[in-house]
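This report refers to the structure that appears directly beneath it.
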Amino acid sequence: MSKISKEEVKNIAILSRIELSDDEIVKFEGELSSILDFVSKLQGVDTSSIKPLSQVTGLENSLREDEIKDCLNRDKLLENLPERQDKFIKVKKVFEKEDIV
39 MSKISKEEVK NIAILSRIEL SDDEIVKFEG ELSSILDFVS KLQGVDTSSI KPLSQVTGLE
99 NSLREDEIKD CLNRDKLLEN LPERQDKFIK VKKVFEKEDI V
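Our numbering runs 38 ahead of the 1-based position in the sequence shown.
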């Protein structure tokens, strides 16, 4: 049985940027462990006689020809930005150093 620890649940919550109560941590500890057990069982299934399948309908992709089209003028786009740095869009930080595990 794959067992997820409370610390691992807390770390997953931090990476997911969600806050969990102590009760939720206990709940997800069990649920995530059950999911890992199920995946372990799936990995044990012999699929050697099963033909690889990418889709089930039998239809084939119909693709259009690539066409060159005019797009936004980069300079005009950059004029409308609240913040930029040279020719790049400047955005707020997404991760703090302590978020990186």
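Ideal Cβ placement from N, Cα and C applies to all residues, glycine included.
query: By Cβ distance below 7 Å, which residues in the same chain neighbour residue 116 in space, the five residues on each side in sequence not counted?; result: 122 and 125
query: Can you tell me the Cβ-Cβ gap for residue 78 and residue 40, rounded? I've got them flagged as a contact below 8 Å.; result: 6 Å
query: List in chain order: all unbroken alpha helix (DSSP H) runs of 4+ residues lying wholly within the segment 83 to 127.; result: 112 to 117
query: With respect to the alpha helix (DSSP H) encompassing residue 80, which residues constitute its N-terminal and C-terminal limits?; result: 60 to 81
query: Look at the alpha carbon of residue 165 and the alpha carbon of residue 47, and state the distance between them as a whole number of angstroms.; result: The first residue shown for the chain is 39 and the last is 139, placing residue 165 beyond what the model contains.
query: Note the first and the last residue of the continuous alpha helix (DSSP H) segment covering residue 45.; result: 44 to 54
query: Can you tell me the Cα-Cα spacing of residue 108 and residue 102, whole angstroms?; result: 18 Å
query: Compute the distance between the beta-carbons of residue 42 and residue 71, then report whether it is under 8 Å.; result: yes
query: I'd like to check one pair, residue 44 with residue 63: are the Cβ atoms closer than 8 Å?; result: yes
query: Can you grab the Cα-Cα spacing for the pair residue 80 / residue 133, in whole Å?; result: 34 Å
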